[in-house]
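Here's what the structure looks like:
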């Protein structure tokens, strides 16, 4: 083994890997990996992501470790990027060996983040949404939308997705991409139309403002809300009144209270940690008319799970290259000599 | 410009770049870049590095931003690595555009960290060491030693370096690598012998313990101590009594109080920020018999400066490749469609 070489999954190789495994299968697998890691939640070093904010966006580092493997993701969020022809969110990540500090994997994570975000949403809905839910409203039809739709199909058995976006071209794009994949797709002209008959409402818009895409009178009893788009300070999608009558489930409270929908609420407003529901420590949905809200912001453990999943698939599929990223002189004390010898 | 491609400096290209520019010249240039950035210290977002500790080492992320450019470094510190034939410290880093969050450069930083650490040490000594210093004791002759020796030669005019290591093979290695480079080299068998006649004492050992390589009676009046090796909790090189009679200069107090030699002192023990000396806000060395100590732990701004320097050299030298790291669909909302089209 060449110690200087780090396996690298490029964007091209990530697309090939995902297509090889199947997009829905990848999300089913990711949900299982994330669930397994959420079930050993106390084993992880956890910290709110480290954010560097500017007027136009944020750049974040999201580290975690289970004591054997360390992982982190670099991710940005720049809502104004779209108008410049750029991705709102781009990301890459790394796994390293805790015992040596040497990197084990470098991977693109723009695509992987889209997959793990949808897998996490659907995993949460499996625990929180009303039993037998078949219809989902999908408000916001941008880069994350198709992943959400297919994740909920594959993991929760959703059969109908009702699409709405403030820009009808986004809805057209989304419907086109999802056509022929076994989902009934309904293009809607208003949010009100989109939520008709939906047991699950997913909001996944990108504006950096307190936009309140859903107002209180739109949310009926028994609905599960999957709030994905409100994920940084000053960015929310749900009216405060909805929050006040919802049972709120979160990933990691110290991060969600800063970034999530609950930034609109007092810091001591009760929330439930999703992993505790999965571990049987606290109830999830406890009545048919309860409004449940998964206030999703994305947490480092989900990226850790996703990176480990990708790494586990590389030996058999070969969708990676080797990066000469770690200086590794024969004598570890002779870094200088290694440079000198490179001249000859 | 292909937006998905990120310039990448491999270990091999970093060695070629450094050899092309000249090792000493690179450190002179880095000291100038770091000094320029220290002089605009208040312009930077600063945070203590985010450390993930284990029994055998630490993995750290070191982010900073000047509002236009964001940078971070991944670095580990595993003293036990050497006995396994691995580097104690490995690193890589990234620059990104604050306006878009898109990466601008990915680079190996094991070699670059060694260079910037020595450049920072020598830069600090330029402000703090006694005028006309010509002799340096270099205690600890491992991976960082040659860089320190040549950095002090190029930046401070040091002509004699007195080498000591608990392992004489390390001293032999260091002397061999430095031979013929214009330095008088004296191999010493004890720390006491190494400090004879030295106006500057550099300690750069790697043991993770409170090792007190220097005791109080070894440090004479007027000496400048460049304490490099004590750089994480539980790792120190200097006896507390030395600290108590030294004027202590640090990079970023919130980080140094946790990681540096001053972890041995009360949290309100007075220290001076090096940038304030450089900016003329506070005096540096104020008398000939003062003992000055640069309690160096390494700060994110130094890596930021170093990465920007490397980036500035790529267009003319071409020592980089292009990594397909950022998913960049033609329509930024159509990440899913980009994956689908990769199948065809």
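Protein chains in written order, with this note's numbering: chain A, 1 to 344; chain B, 1 to 344.
All C-beta atoms in this analysis are idealised placements derived from N, C-alpha and C, irrespective of residue type, glycine included.
Under the Cβ criterion (8 Å, minimum of three pairs), the segment 236–255 of chain A does not count as touching the segment 6–13 of chain A. Residue burial is scored here from C-beta neighbours: residue 148 of chain A has at least 16 other C-beta atoms within 10 angstroms and is therefore classed as buried. Shown in chain order are the members of the segment 129–155 of chain B whose Cβ falls below 7 Å from a Cβ of chain A: 142, 143, 146, 147. Per DSSP, residue 11 of chain A has no beta bridge partner at all. In this structure, DSSP gives residue 136 of chain B an extended state, which the three-state scheme calls strand. Neighbours of residue 57 of chain A in chain B, taken as residues at a C-beta separation under 7 Å, are given in chain order as 101. Chain B places a beta carbon closer than 9 Å to that of residue 98 of chain A, counting this residue as a contact. Non-local beta-carbon contacts of residue 323 of chain B in its own chain, meaning distances under 7 Å to residues more than five positions away in sequence, involve 5, 6, 8, 106 in chain order. Contact of residue 108 of chain A with chain B is assigned, a C-beta pair being separated by under 9 Å. Here residue 171 of chain B has 141, 163, 165, 187 as same chain residues with Cβ atoms under 6 Å from its own Cβ, once five neighbours each way along the sequence are excluded.
Using a C-beta cut-off of 8 Å, the segment 303–314 of chain B makes no contact with the segment 55–65 of chain A, since fewer than three inter-stretch Cβ pairs fall below that distance. For residue 18 of chain A, the residues of chain B that pass the 7 Å Cβ criterion are 339, in the order they occur in the chain. Residue 305 of chain B counts as buried, since no fewer than 16 other beta carbons sit within 10 angstroms of its beta carbon. The CB of residue 76 of chain B comes closer than 8 Å to the CB of 96, 100, 101, 102 in chain A, given here in chain order. Under a criterion of Cβ atoms nearer than 8 Å, the residues of chain A adjacent to residue 86 of chain B are, in order, 3, 100, 102, 328, 332. Selection A:34, A:3, A:90 evaluated against residue 120 of chain A yields A:34 as nearest (Cα-Cα).
Counting only runs of 3 or more residues that sit fully inside the segment 31–63 of chain B, the beta strand (DSSP E) segments are 50–53, in chain order.
For residue 174 of chain B, the closest alpha carbon among the candidates B:156, B:150, B:197, B:263 is that of B:150.
Rounded to whole angstroms, the gap between the alpha carbons of residue 239 of chain A and residue 72 of chain B is 36 Å. Spanning the alpha carbons of residue 236 of chain B and residue 50 of chain B requires a straight line of approximately 20 Å. Beyond the five residues adjoining it in sequence on each side, residue 38 of chain A comes within less than 6 Å, by CB distance, of 275, 278 in the same chain, given in chain order. Shown here, residue 68 of chain A sits in coil according to DSSP, grouped into three states, outside any helix or strand. DSSP places residue 232 of chain A in the strand class (E or B) of the three-state scheme.
Residue 63 of chain A has a beta carbon lying within less than 9 Å of a beta carbon in chain B. Here the segment 77–90 of chain B does not lie against the segment 72–81 of chain A, with fewer than 3 beta-carbon pairs under 8 Å apart. Within 8 Å of the CB of residue 173 of chain B, the CB atoms of chain A belong to 331, 333, 334, 337, in sequence order along the chain. DSSP places residue 332 of chain A in the coil class of the three-state scheme, outside both helix and strand.
The criterion of a C-beta distance shorter than 9 Å is satisfied by residue 60 of chain B and residue 74 of chain B.
Comparing C-alpha distances from residue 181 of chain A to each of A:3, A:43, A:253, A:152 shows the shortest one belongs to A:152. For residue 226 of chain B, the enclosing beta strand (DSSP E) stretches over residues 224–227.
By the neighbour-count criterion, in which 16 or more other beta carbons inside 10 Å mark a residue as buried, residue 269 of chain B falls on the exposed side.
DSSP places residue 322 of chain A in the strand class (E or B) of the three-state scheme. Taking a beta-carbon distance threshold of 9 Å, residue 37 of chain B does not count as an interface residue toward chain A. Within the DSSP secondary-structure output, residue 271 of chain A pairs in no beta bridge. With the criterion set as a beta carbon lying under 7 Å from some beta carbon of chain A, the members of the segment 175–188 of chain B are 177, in sequence order. Collapsing the DSSP output to three states places residue 217 of chain A in a helix.
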